[in-house]
Every structure is written in structure tokens, then in C-alpha cells.
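Undergrad:
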């Protein structure tokens with residue numbers, strides 16, 4: 004199977020079985036999404052979704068979060084991974100949104116990555132979900148699945164390198180969907196430690212499959 008055929012088969016399968024994938028993070032507006040995605044770094048969406056309702060209720064706007072104390076935010080997110088850094092980043096992010104961006108979420112990568120706690124991956128999620136831009140956010144799931152399925156070469160050792168390689172082979176209009184497809188596949192089938200190869204629709208041609 005050529006690389007082109009591999010991409011076509013995988014994308015066609017996902018499109019048929021999950022034509023409208025969405026993030027599993029809970030949010031109702033752009034501010035809530037940037038907070039949720041920032042918290043989700045090295046943490047599960049399920050855990051984030053347990054924490055954010057109370058956080059959003061107390062700090063529903065950038066203006067209110069910008070005035071919060073570290074201790075207030077820390078206590079609300081203490082069950083999240085790296086709560087110290089994330090509490091500081093959330094407050095700093097809110098302060099910058101208010102002071103520099105009129106309390107609105109920027110619609111371009113250059114401005115987004117200025118926000119504390121917002122890296123390239125988080126920025127690409129926001130651009131895709133909020134502004135319908137064709138960006139590919141490469142988190143640990145996308146990185147792992149892309150390598151295991153042979154979508155990118157093993158020499159692509161950084162998230163940005165994987166992102167740029169995926170852009171070359173995925174039709175532009177499918178890029179936002181492909182981000183979710185690969186994440187969900189990594190979350191529920193191609194698990195990090197014990198991938199569920201027997202139930203994977205790509206087992207027959209996956210170079211990493213366990214075919215016992």
C-alpha cells in the first residue's frame with residue numbers, strides 16, 4: 004500500500020464512521036475553550052470536564068479571571084496535572100486577553116502563542132474550532148497515531164514536523180476533522196501502552212499492529 008492509498012483509506016473510513024467529529028472538552032464560548040484546552044495539556048479531557056464547570060461559574064469572563072488570585076484558581080484546578088503552572092498561566096492569559104486583545108480570543112497563530120500557557124498545539128485547536136481555519140493540532144495522540152499508522156516517517160520527531168507532514172497529504176477541507184479523528188483513534192483504540200489492535204480497522208496494513 005502506497006502512502007497515498009494509506010491516507011485515502013484511513014480518511015475515508017473516518018469520514019464514513021464519524022463524519023462530524025468534535026472536541027470532547029466542554030465549553031460554550033471562545034474564552035472557555037482556551038481555558039479548557041490549556042488545562043488539557045498532559046491531562047485527560049474527562050478530568051478537565053470535571054473541573055471547568057466550577058471554574059467557569061466563578062470566573063466566566065477574562066476580566067474576572069484576570070483579577071483572580073493564584074490561590075483561588077489553584078484550589079479549583081488542583082486535581083489537574085501541573086496545577087501550579089496552569090493556575091499562573093490562566094491568570095496571565097486572562098490578563099493579556101484584557102490588556103492587549105480587548106478580552107477577545109485572537110484569530111491568528113502569532114497572537115495566540117503570545118498568551119501564557121498557549122503553545123502551537125493549543126493555538127491550532129482554537130483556530131480550527133473557533134474560526135474554522137484548516138489547522139492541525141498535534142497533541143500526544145495525533146503524534147503517536149500518525150507514526151504508528153505510517154502516516155509520517157519516524158524521522159519526524161517534533162510535533163511541528165508531524166503537523167507539516169500531515170498538511171502535505173490531507174486535503175485542506177479535511178484537516179480540522181482529521182485532527183479529531185486521530186485524537187479519538189488514539190484515545191479509544193490506538194492506546195499508548197496497550198493498543199487495541201484486534202479491534203482496529205487499520206490492523207491489516209498498520210506497520211505497528213500486533214497481529215497475534
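Numbering (our numbering), first residue to last: 4 to 215. Quick reminder that beta carbons are idealized off the backbone N, C-alpha and C, glycines included.
1. Given a cut-off of 8 Å, decide if residue 197 and residue 121 are closer than it, judged by their beta-carbon atoms.
2. Is the beta carbon of residue 185 less than 8 Å from the beta carbon of residue 9?
3. Along the chain, which unbroken stretches of the alpha helix (DSSP H) at least 4 residues long are found entirely within the region 73-99?
4. Expressed to the nearest angstrom, what Euclidean distance is found between the alpha-carbon atoms of residue 204 and residue 98?
5. Considering just the uninterrupted stretch of the alpha helix (DSSP H) at residue 34, what are its terminal residues?
6. Roughly how many whole angstroms lie between the Cα atoms of residue 104 and residue 83?
7. For residue 142, count the other beta carbons within 10 Å of its own beta carbon; 16 or more makes it buried, fewer makes it exposed. Which is it?
8. Just checking, does the region 128-135 make contact with the region 35-49 on the three C-beta pairs under 8 Å criterion?
9. Only counting the same chain, and skipping five residues up and downstream in sequence, which positions put a Cβ closer than 8 Å to that of residue 215?
10. Alpha carbon to alpha carbon, what distance is there between residue 169 and residue 193?
11. Check residue 200 in the structure and name its three-state DSSP category.
TA: Once the coordinates are examined:
1. Cβ distance not < 8 Å, so residue 121 and residue 197 don't count as in contact.
2. Taking a C-beta distance under 8 Å as the contact criterion, residue 185 and residue 9 do not qualify as a contact pair.
3. For the region 73-99, whole alpha helix (DSSP H) runs of length 4 or above, ordered along the chain, are 73-80.
4. Whole-angstrom Cα-Cα distance: 46 Å.
5. Segment 33-42, the alpha helix (DSSP H) holding residue 34.
6. In a straight line, the C-alpha of residue 104 is about 27 Å away from that of residue 83.
7. It counts as buried.
8. In the pairwise beta carbon analysis, the region 128-135 is classified as touching the region 35-49: at least three pairs are separated by under 8 Å.
9. At residue 215 the pLDDT is 48, less than 50, meaning the model places this residue with poor confidence; the figure from the coordinates comes in the next sentence. Nothing meets the Cβ criterion.
10. Their Cα atoms are separated by approximately 18 Å.
11. DSSP places residue 200 in helix when its eight states are reduced to three.
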